[in-house]
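> Handing you this structure, nothing more for now.
In my numbering, the protein residues as written are 1123 to 1229.
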């Protein structure tokens, strides 16, 4: 092509480069994985250090489980409750694939 005229191969939006290419910064997955491993190790150390038996009042009965199981159970229950309460509700339109107008034709 002559000077001043754009090359036809370079017009329009450019396609995204694949992950890890020289023109893009490296993925953040590695950093997130390191943070997740550190958090998991800290949780395991915390649970192991708190292995003594404790009195727990289960409304109708009182038990003496190890604190490890109280922590693990509360973590799992809290995560499940947070997951289910944090999810957005699905509307009827999204499940059926219908239009916002309820399927009625527009005039």
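Every residue gets a Cβ at the ideal spot worked out from N, C-alpha and C, and that includes glycine.
1) For residue 1168, which of 1149, 1189, 1179 has the nearest alpha-carbon?
2) Below 6 Å CB to CB, which residues in the same chain sit around residue 1175 once its five sequence neighbours on both sides are set aside?
3) State the beta-bridge partners of residue 1184 as determined by DSSP.
4) Rounded to whole angstroms, how far is the Cβ of residue 1198 from the Cβ of residue 1172, which I believe are closer than 8 Å?
5) Return helix, strand or coil for residue 1161, following the three-state DSSP convention.
6) At the level of alpha carbons, what is the spacing between residue 1146 and residue 1183?
7) Consult DSSP for residue 1211 and reduce its assignment to one of helix, strand or coil.
8) Put residue 1151 into one of helix, strand or coil per three-state DSSP.
In short, the structure shows the following:
1) 1189
2) 1186, 1188
3) 1179
4) At roughly 16 Å, the Cβ-Cβ gap does not stay under 8 Å, so residue 1198 and residue 1172 are not in contact.
5) helix
6) Confidence at residue 1146 is low in this model, with a pLDDT of 48, below 50, so its placement is unreliable and no value can be given for it.
7) coil
8) helix
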